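S.K.:
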Amino acid sequence: MALDFSFSFEQNAWREHVRAFAERELKPHSRAWDAAQVLPREAIRKMGAAGILGVIGAPALGGQGRDYVSLGIAIEELAAVDASCALIAWQQATHAHFFPGWGDETVRAVYAGECVVALATSEENAGSDLSAIEANAVEDGDELVLNGAKVHVSTMPGADVLAVSARIVAADGGKAKMVLLRVPTTLPGVSSAVMEQMGARAHALGSVDFRDVRIPVGATLGDAGQGKAIMYARFNVSRCLSPLAALGAARAVLDETKAFARSRIVFGKAIAMNQSVSFPLVEHHARIEAARLLAYRALVANDHGEDATADAAMAKWLGISTGVACIQDCLQMFGANGYLKDNGIEQRLRDVYSFLFTGGTLNIMKLILVRHLVGAEFAGLRA
Ligand SMILES: Cc1cc2nc3c(=O)[nH]c(=O)nc-3n(C[C@H](O)[C@H](O)[C@H](O)COP(=O)(O)OP(=O)(O)OC[C@H]3O[C@@H](n4cnc5c(N)ncnc54)[C@H](O)[C@@H]3O)c2cc1C
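Under numbering that gives the first Met the number 0, think of the first position of the sequence shown as 0, with each following residue one higher.
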């Protein structure tokens with residue numbers, strides 16, 4: 000009797016709350032935000048006011064103190080109407096929660112949707128391989144001087160404060176360590192530019208340059224040398240959220256496609272009468288359910304304080320590949336209408352592709368699994 004796949008009463012009520020909010024406040028604007036390539040701050044404030052950005056946050060800081068499963072539920076429901084909102088919500092919720100050192104005032108503001116924080120770690124030559132970063136911070140008295148260039152940074156331009164990964168060389172010339180630096184985007188020497196993307200376009204993506212940016216020595220998120228560990232702790236949760244986003248979007252598209260297949264008459268009968276149409280619909284339904292269970296199981300492991308590295312990698316690979324395959328198939332079932340801008344599925348397909356990369360690619364998820372299931376020496380990853 001120990002296996003129990005049901006959500007609690009509170010979790011179900013939370014899902015209803017987020018679903019109603021998303022339908023009312025986000026869905027009517029999703030297409031316009033995609034076209035304008037911007038999510039108004041007002042939408043982020045509304046997600047904050049609805050309790051979504053602080054769902055796992057400490058109540059003392061304005062958070063809801065709920066579990067990671069509840070965050071997963073929120074992300075699934077947001078993605079059912081808008082991928083960009085889901086992406087921004089899981090980033091805000093997890094950045095504020097997992098990175099120590101933002102300061103209580105900043106964390107409160109993030110949970111309220113009044114402040115946007117972002118992680119700037121990817122570089123032109125350091126995406127999958129975090130160890131290859133070249134951004135560096137050099138001690139100069141009681142300040143650090145940061146130089147470097149980041150790419151593919153979510154919510155940039157636009158974010159207020161960044162967590163920037165950099166190599167830090169101690170004044171005594173010891174071994175360089177990786178550190179996360181707390182860098183307000185208004186500091187002299189910080190500049191950013193838009194990187195135009197195919198999907199999740201309301202969530203901005205940008206490059207950020209740091210030229211002789213001076214920050215206080217104490218402005219780190221965690222200690223020097225902990226930068227990677229802090230990011231990986233967050234990955235164990237965020238890699239369960241991106242698949243739930245892909246699956247939430249796929250579930251919504253699948254529902255629309257089932258309704259279309261029942262009503263679209265071709266050769267005198269509904270296209271759902273053809274098993275070449277109805278079979279893929281039920282197959283995708285089954286795959287989505289299986290992938291959701293894996294993602295929620297990985298979140299439960301996180302909630303229990305277990306090491307969820309392998310579970311999260313499995314959840315991410317299966318959930319995102321399942322979501323992408325479902326939306327690709329559904330688009331074709333709509334015929335030429337699916338291909339048109341008017342229909343909205345083409346936006347869903349562009350959007351879901353963004354989840355293939357953020358937080359690590361599907362190949363990297365498989366390499367993590369090789370490390371766990373086959374042997375570290377066969378993964379070819381750095382320790
Ligand atoms: C929508 C979106 C949001 C993002 N948000 C952020 C953000 O907020 N902050 C941030 O810092 N970054 C962000 N990123 C960047 C993201 O983390 C990187 O794109 C990702 O880590 C992959 O790095 P890369 O694109 O440089 O690919 P690369 O590392 O150059 O890899 C290229 C390809 O090679 C494959 N590959 C690499 N090594 C191996 C191997 N050993 N075996 C098999 N295949 C391999 C990869 O899977 C990939 O397909 C975002 C990206 C996107 C698209």
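Glycine included, C-beta positions come from ideal geometry on N, C-alpha and C.
The model shown is predicted, which means the values in this text are computed figures rather than measured ones.
Following a CB-centred definition, is L180 positioned closer than 7 Å to any heavy atom of ligand 1?
M.R.: To locate residue 180, count along the sequence shown from 1; it is residue 181. Checking the Cβ of L180 against ligand 1 gives no.
S.K.: So, does the segment 343–361 touch the segment 275–293, judging by three or more C-beta pairs under 8 Å?
M.R.: No, because fewer than three Cβ pairs between the segment 343–361 and the segment 275–293 fall closer than 8 Å, the two stretches do not touch.
S.K.: Nearest-angstrom Cα distance between N11 and H151?
M.R.: Your numbering for residue 11 matches position 12 in the sequence shown. Your numbering for residue 151 matches position 152 in the sequence shown. So the two alpha carbons sit approximately 35 Å from each other.
S.K.: Would V160 and T105 be called neighbours here (beta carbons separated by less than 8 Å)?
M.R.: As a working mapping, residue 160 is identified with position 161 in the sequence shown. As a working mapping, residue 105 is identified with position 106 in the sequence shown. Against a cut-off of 8 Å, the Cβ pair of T105 and V160 comes out as a contact.
S.K.: Given D222, which residues of its chain have a CB within under 8 Å of its CB, disregarding the five upstream and five downstream residues?
M.R.: The residue you call residue 222 lines up with position 223 of the sequence shown. Same-chain partners within the cutoff: V178.
S.K.: When you compare the CB positions of R286 and T256, do they come within less than 8 Å of one another, or not?
M.R.: Translated into the one-based positions of the sequence shown, residue 286 becomes position 287. Translated into the one-based positions of the sequence shown, residue 256 becomes position 257. Not in contact: R286 and T256 (Cβ atoms no closer than 8 Å).
S.K.: Here's the rule I'm using: 16 or more other beta-carbon atoms within 10 Å means buried, otherwise exposed. How should H303 be labelled?
M.R.: Position 304 of the sequence shown, counting from 1, holds the residue named residue 303. Under this definition H303 is an exposed residue.
S.K.: Does the separation of the CB atoms of E138 and P215 fall below 8 Å?
M.R.: Against the sequence shown, residue 138 aligns to sequence position 139. Against the sequence shown, residue 215 aligns to sequence position 216. Not a contact, by the Cβ cut-off of 8 Å.
S.K.: Since I132 is in the alpha helix (DSSP H), which residue starts that stretch and which ends it?
M.R.: The residue you call residue 132 lines up with position 133 of the sequence shown. No alpha helix (DSSP H) holds I132; DSSP gives it neither H nor E.
S.K.: DSSP has D120 in a bridge; who is on the other side?
M.R.: Residue mapping note: residue 120 aligns to position 121 of the sequence shown, counting from 1. The sequence given here has Thr at residue 120, not Asp. Answer is none; T120 lacks a bridge partner.
S.K.: Please name the residue in E376, V37, F377 and E15 whose C-alpha comes closest to that of Q196.
M.R.: Against the sequence shown, residue 196 aligns to sequence position 197. Nearest C-alpha to Q196: V37.
S.K.: Using three-state DSSP, classify T185 as helix, strand or coil.
M.R.: The residue labelled residue 185 in the question sits at position 186 within the sequence shown. DSSP places T185 in coil when its eight states are reduced to three.
S.K.: Would you report the Cα separation of A312 and D66, rounded to the nearest angstrom?
M.R.: As a first step, residue 312 must be located in the sequence shown, where it is residue number 313. As a first step, residue 66 must be located in the sequence shown, where it is residue number 67. Going from the Cα of A312 to the Cα of D66 covers about 20 Å.
S.K.: Going by the DSSP bridge assignment, what does G147 pair with across the sheet?
M.R.: Translated into positions along the sequence shown, residue 147 becomes position 148. G147 is bridged to F209.
S.K.: Looking at the secondary structure, which residues open and close the alpha helix (DSSP H) in which L292 lies?
M.R.: Residue 292 sits at position 293 when you count from the first residue of the sequence shown. Run containing L292: Q274 to D302, per the alpha helix (DSSP H) assignment.
S.K.: Does I214 come out as helix, strand or coil in the three-state DSSP assignment?
M.R.: On the sequence shown, residue 214 is found 215 positions in, with the first residue counted as 1. Strand.
S.K.: Just confirm the distance between the C-beta atoms of L180 and A136, as a whole number of angstroms; I'd bet it's less than 8 Å.
M.R.: Taking the first residue of the sequence shown as 1, we reach residue 180 at position 181. Taking the first residue of the sequence shown as 1, we reach residue 136 at position 137. The pair is a contact, with the Cβ atoms about 6 Å apart (cut-off 8 Å).
S.K.: Could you say which of A108, L60 and F209 lies nearest to V144 if we only look at CA atoms?
M.R.: The residue you call residue 144 lines up with position 145 of the sequence shown. The option with the nearest alpha carbon to V144 is F209.
S.K.: Run through DSSP, which three-state label would V265 get?
M.R.: Counting from one through the sequence shown, the residue named residue 265 turns up at place 266. Here V265 sits in strand by DSSP.
S.K.: Does any heavy atom of ligand 1 sit closer than 7 Å to the C-beta of K45?
M.R.: Position 46 of the sequence shown, counted from the first residue, corresponds to residue 45. No, since every heavy atom of ligand 1 falls outside the 7 Å radius drawn around the Cβ of K45.
S.K.: Exposed or buried, S164, counting other C-beta atoms within 10 Å across all chains shown (16 or more means buried)?
M.R.: The sequence position of residue 164 within the sequence shown is 165, counting from 1. Answer is buried; the Cβ neighbour count reaches 16.
S.K.: From the DSSP output, in three-state form, read off T105 for me.
M.R.: Stepping through the sequence shown from its first residue, residue 105 is reached at position 106. It is helical.
S.K.: Within its chain, find whatever has a CB closer than 7 Å to the CB of A158; leave out the 5 residues flanking it on each side and keep chain order.
M.R.: Within the sequence shown, the letter at position 159 stands for residue 158. Only V115, V116, A117 and T184 meet the Cβ criterion.
S.K.: Within its chain, find whatever has a CB closer than 8 Å to the CB of I229; leave out the 5 residues flanking it on each side and keep chain order.
M.R.: Along the sequence shown, read from residue 1 onward, the residue named residue 229 stands at position 230. F97, F98, P99, L179, L220 and G221, listed in sequence order.
S.K.: Have a look at the DSSP bridge pairing and note the partners of D139.
M.R.: Locating residue 139 in the sequence shown gives position 140, where the first residue counts as 1. In DSSP, D139 forms a bridge with E142.
S.K.: Let me check you understand the geometry: is the CB of G379 closer than 7 Å to at least one non-hydrogen atom of ligand 1?
M.R.: Looking up residue 379 in the sequence shown gives position 380. Yes, the beta carbon of G379 sits closer than 7 Å to at least one heavy atom of ligand 1.
S.K.: Just the C-alpha distance for V168 and G217, rounded to the nearest angstrom, thanks.
M.R.: Numbered from its first residue, the sequence shown carries residue 168 at position 169. Numbered from its first residue, the sequence shown carries residue 217 at position 218. The straight-line gap from Cα to Cα measures roughly 15 Å.
S.K.: Return the residue from the list A249, R296, Y295 and A42 that minimises the CA-CA distance to V281.
M.R.: Here residue 281 corresponds to residue number 282 of the sequence shown, with the count starting at 1. The option with the nearest alpha carbon to V281 is A249.
S.K.: Report the CB separation of L240 from G102 in whole angstroms; it is logged as a contact under 8 Å.
M.R.: Mapped onto the sequence shown, residue 240 falls at position 241. Mapped onto the sequence shown, residue 102 falls at position 103. That belief does not hold up - the Cβ atoms of L240 and G102 are roughly 24 Å apart, past 8 Å.
S.K.: Start and end of the beta strand (DSSP E) containing A162?
M.R.: For this step, residue 162 is matched to residue 163 along the sequence shown. Note, A162: beta strand (DSSP E), V160 to V168.
S.K.: Under DSSP, the alpha helix (DSSP H) around D3 begins and ends at which residues?
M.R.: Within the sequence shown, residue 3 is the residue found at index 4, counting from 1. Where D3 is concerned, there is no enclosing alpha helix (DSSP H), given that its DSSP letter is neither H nor E.
S.K.: Ligand 1 and L204: does the residue's C-beta get closer than 7 Å to at least one heavy atom of that ligand?
M.R.: Mapped onto the sequence shown, residue 204 falls at position 205. Yes, Cβ of L204 sits closer than 7 Å to a heavy atom of ligand 1.
S.K.: Determine the extent of the alpha helix (DSSP H) in which F20 is found, giving its start and end residues.
M.R.: Translated into positions along the sequence shown, residue 20 becomes position 21. Start and end: F8 to F20.
S.K.: Based on Cα-Cα distance, which residue from L77, A35 and A31 lies nearest to K45?
M.R.: Residue numbering aside, residue 45 sits at position 46 when the sequence shown is read from its first letter. The candidate whose alpha carbon is nearest that of K45 is L77.
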